[in-house]
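K.L.:
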Amino acid sequence: MKKKPLTKNIRPGRGPLTLKEYEKSGGYQAVRKALKMTPQQVQEEVKASNLRGRGGAGFPTGMKWSFVPMGDDAPRPKYFLVNADEMEPGAFKDRLLLEGDPHQVIEGAIVSSYAIQADIAYIFLRWAYKLAEERLARAIAEAYAENYLGKNIMGSDYSLELYLHVSAGRYICGEETALLNAMEGRRAIPRTKPPFPQVCGLWGKPSVVNNTETVCNVPHIISNGAEWFKGLGRSGDGGTKIYGVSGRVNRPGAWELPMGTTIRELLEEHAGGMIDGYKFRGVMPGGGSTDFLVGEHLDVKMDFDSVQKAGSRMGTGTMIVLDDKTCPVGMVHNLEEFFARESCGWCTPCREGLPWLAKILRAIEEGKGEAGDIEILKEHTKLLGPGNTFCAHAPGAVEPLQSALKYFREDFERHIREKRCSYK
Amino acid sequence: MLTEEERKEIRDELKRHAHKQAACVEALKIVQRHRGWVSDEVRDIAELLEMTPDELDGVATFYSQIFRRPAGKHVIRVCDGVSCWVMGYDIVRRHLKVRLGIDAGETSSDGQFTLLPISCLGACNIAPAMMIDDELYGNLTFEKIDGILEKYR
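Residue numbers (my numbering), protein chains in the order written: chain U, 6 to 429; chain P, 414 to 566.
In structure tokens, the structure reads:
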């Protein structure tokens, strides 16, 4: 059985498979199979597989779908949206899938749309992914020409229109309710939940937003079954995961591996260890909005529950390594500047608090830190934490800060004491 | 005033949408493609979309890649995402500053280049990275940057 279902068709340095080539490698069989199942059966299979959202939150996909009103009385049209707005600092996994195998994304969107009986689907793509845009547009046209999209797909009574929406920048668009506002042509600020998008989403109609990698898993689950999927992983969370490593390692990159591969294995075997002259100091396991982990955590399995137990989040599964010659204060400053810039400005704590954090961190980094700064920073990791802001943006933003204060506190103190950054 | 060509492209885009407002990002991009930025023609675009100018400007100013100020012929976006920061964003930016004589947010006096910092480009495996117009460049070194800039001069 295929051990790397998501990346088996991806040929580095060469273009993606055409529709005909994709069909030859088993592609679009899941659409044919799903159309012979009931939508409920498709939902049940995905639920049984324990597929969890690969965008960062890890919410069970089958359960997310199950809140969509079904049957003849359900409000119409219903929408399915592929979240391809990858913008988490340090994340480059969805780019691999979008550029490498666009038909897999489309097939995933069709099967998922069928499961919730969506009438219209969108791929919400990040503006910077120009190659993906070109390749997806071509693949969508091919899929329409072969009636995998459009009216009465493959002679069934199911019809689906799929559109590509290319955004114009802003991290917050990846938040699912902000993404809905962006699609409607409004400022992309998050919406209050409840009501949840599954009930009241795009233009007030039932809508589901799923991450690109999540969507890509769906056809394989339908083709091979939930049990097969669960067997791919090394821990409770089923399937494979596209992990990535960046920073001062020998072979930065992204690899599809069994869910639950350890941080050590990723860093040492796949990323080739640290570059000569650099030592490992810490790692943000799932992108810029996840807590640092350190040496004692190297044997933690990269799955949702294990990383959470270790005090962080698996997030996107793309990790950024902190080495011993890089200043942790500077690194966190870079992140908080990003989060401050990308705050949508809707709620006060996030709009005002994040720039304040960035300003204090800049001062410390420039040798202008003062006694008491660390306490102010620490206090703000609570004030901007879960429950105090409108969405998860600020709580995510303070994760790397709170853990840096815990593991690298001496660096902050030294900056303030010596009135300089000793890494420069 | 929008040109006839811009109007036609926006009208064509509107045909794809059941809700006119949903076409607004695309409409702004159309005008930016023609002019390099979105001037106060926001008014005319808003009229076509049946939005108020303020509503549309609220959207235009929200997005980092819709320019409400003139930009140079080529836009250089230097990734300041965390992986690129670790791998040398600062020295890349300083080198560009020396070569082009402009800092982040500025346009060269000959109107050739605008330099902008950009959030993580998703090219962390080839950090440090930058985009010039639609082209992505990674594993940047001083020599490589000089060679790339030559192509655009």
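C-beta: ideal position from N, C-alpha, C; glycine also.
Hey, residue 102 of chain U and residue 110 of chain U are a contact pair by Cβ (cut 8 Å); roughly how many whole angstroms apart?
P.N.:
So it is a contact: roughly 6 Å between Cβ atoms.
K.L.:
Quick check on DSSP: helix, strand or coil for residue 487 of chain P?
P.N.:
DSSP places residue 487 of chain P in strand when its eight states are reduced to three.
K.L.:
DSSP state of residue 339 of chain U, grouped into three classes?
P.N.:
DSSP places residue 339 of chain U in helix when its eight states are reduced to three.
K.L.:
Opposite residue 85 of chain U in the DSSP bridges: which residues?
P.N.:
Looking at the DSSP assignment, residue 85 of chain U forms a beta bridge with U/126, U/213.
K.L.:
Using DSSP with H/G/I as helix, E/B as strand and the rest coil, what is residue 531 of chain P?
P.N.:
DSSP places residue 531 of chain P in strand when its eight states are reduced to three.
K.L.:
On the three-state DSSP scale, how would you describe residue 512 of chain P?
P.N.:
Residue 512 of chain P: helix per DSSP, three-state reduction.
K.L.:
Under three-state DSSP, which class holds residue 323 of chain U?
P.N.:
Correct three-state label for residue 323 of chain U: strand.
K.L.:
When Cβ atoms are compared, which residues of the stretch 452-483 of chain P fall closer than 7 Å to chain U?
P.N.:
Of all residues in the stretch 452-483 of chain P, 471, 472, 475, 476, 477, 478, 479 have a Cβ within less than 7 Å of some Cβ in chain U.
K.L.:
So with Cβ pairs under 7 Å, would you call residue 425 of chain P a contact of chain U?
P.N.:
So, not an interface residue.
K.L.:
Where do the N-terminal and C-terminal ends of the alpha helix (DSSP H) with residue 309 of chain U fall, by residue?
P.N.:
Segment 309-314, the alpha helix (DSSP H) holding residue 309 of chain U.
K.L.:
Spell out the partners DSSP gives residue 165 of chain U in its beta bridges.
P.N.:
Residue 165 of chain U is bridged to U/155.
K.L.:
Are the beta-carbon atoms belonging to residue 296 of chain U and residue 311 of chain U less than 7 Å from one another?
P.N.:
No; because the gap between Cβ atoms is not below 7 Å, this pair is not in contact.
K.L.:
Take residue 430 of chain U as the anchor and find which of U/361, U/300, U/167, U/163 has the nearest alpha-carbon.
P.N.:
Past the edges of chain U, shown from 6 to 429, lies residue 430 of chain U, and the structure says nothing about it.
K.L.:
What are the complete alpha helix (DSSP H) segments, minimum 4 residues, inside the stretch 12-55 of chain U?
P.N.:
Fully enclosed alpha helix (DSSP H) runs of 4 or longer: 24-29, 34-41, 44-54.
K.L.:
Are the C-beta of residue 583 of chain P and some C-beta of chain U separated by less than 7 Å?
P.N.:
Nothing about residue 583 of chain P can be read from this structure; chain P reaches only from 414 to 566.
K.L.:
Consider the Cβ of residue 434 of chain P: report whether some Cβ of chain U lies at a distance smaller than 7 Å.
P.N.:
Taking Cβ atoms only, chain U reaches closer than 7 Å to residue 434 of chain P, which makes this a yes.
K.L.:
Would you decide whether residue 491 of chain P is buried or exposed? Buried here means 16 or more other CB atoms lie within 10 Å of its CB.
P.N.:
Buried: at least 16 other Cβ atoms inside 10 Å.
K.L.:
Just checking my contact of residue 237 of chain U with residue 8 of chain U at CB under 8 Å: how many whole Å lie between their CB atoms?
P.N.:
Indeed, because the Cβ distance is near 7 Å, the residues count as touching under 8 Å.
K.L.:
Go through its chain and collect everything with a Cβ distance to residue 39 of chain U's Cβ below 6 Å, but skip five positions before and after it.
P.N.:
For residue 39 of chain U, where only same-chain residues beyond five positions count, the Cβ hits under 6 Å are 47, 116, 119, 227.
K.L.:
Output needed for residue 201 of chain U: all residues of its chain with C-beta closer than 8 Å, excluding positions within five of it in sequence on either side, in chain order.
P.N.:
Excluding positions up to five away in sequence, the list reads 72.
K.L.:
So, for residue 462 of chain P: in the same chain, excluding its five sequence neighbours on each side, which residues have a beta-carbon less than 7 Å away from its beta-carbon?
P.N.:
Result list for residue 462 of chain P: 433, 434, 436, 437, 440, 469, in chain order.
K.L.:
Can you find a C-beta in chain U that's less than 7 Å from the C-beta of residue 494 of chain P?
P.N.:
Yes, residue 494 of chain P counts as interfacial toward chain U.
K.L.:
Taking 7 Å as the CB-CB cut-off, is residue 210 of chain U touching chain P?
P.N.:
No, because no Cβ of chain P sits closer than 7 Å to the Cβ of residue 210 of chain U.
K.L.:
Starting from residue 262 of chain U, trace the alpha helix (DSSP H) in both directions and tell me its first and last residue.
P.N.:
Element bounds for residue 262 of chain U: not the alpha helix (DSSP H) but the beta strand (DSSP E), 258-263.
K.L.:
Between the stretch 268-287 of chain U and the stretch 527-534 of chain P, do three or more beta carbon pairs fall short of 8 Å?
P.N.:
No, the stretch 268-287 of chain U does not touch the stretch 527-534 of chain P.
K.L.:
Kindly list, in the order they appear in chain U, the residues whose Cβ is closer than 9 Å to that of residue 543 of chain P.
P.N.:
Going along chain U, no residue has its Cβ under 9 Å from residue 543 of chain P, so there is no contact; the nearest lies around 11 Å.
K.L.:
Applying a beta-carbon distance threshold of less than 7 Å, which residues of chain U neighbour residue 442 of chain P?
P.N.:
Under the 7 Å cutoff, chain U gives 173.
K.L.:
Which bits of chain U does residue 507 of chain P rub up against, with CB to CB less than 9 Å?
P.N.:
Correct list: empty, because the minimum Cβ distance to chain U is about 13 Å.
K.L.:
So, helix, strand or coil for residue 447 of chain P, using DSSP?
P.N.:
Residue 447 of chain P: helix per DSSP, three-state reduction.
K.L.:
Considering residue 287 of chain U, what are the terminal residues of the beta strand (DSSP E) in which it resides?
P.N.:
Here the beta strand (DSSP E) through residue 287 of chain U covers 285-289.
K.L.:
Taking 7 Å as the cut-off, decide whether the C-beta atoms of residue 137 of chain U and residue 104 of chain U are in contact.
P.N.:
Contact flag set, yes.
K.L.:
Mind checking if residue 553 of chain P is an interface residue toward chain U, Cβ cutoff 7 Å exclusive?
P.N.:
With 7 Å as the cut-off, residue 553 of chain P does not count as an interface residue toward chain U.
K.L.:
Relative to chain P, which residues along the stretch 353-381 of chain U have a C-beta separation below 9 Å, given in chain order?
P.N.:
Residues: none.
K.L.:
Examine chain P for any beta-carbon lying closer than 7 Å to the beta-carbon of residue 94 of chain U, and answer yes or no.
P.N.:
Chain P contact via Cβ: present.
K.L.:
Determine whether the Cβ of residue 528 of chain P lies closer than 7 Å to any Cβ atom of chain U.
P.N.:
Chain U contact via Cβ: absent.
K.L.:
Report the residues of the stretch 272-295 of chain U with a CB closer than 9 Å to any CB of chain P, ordered along the chain.
P.N.:
So the close ones are 289, 292, 293.
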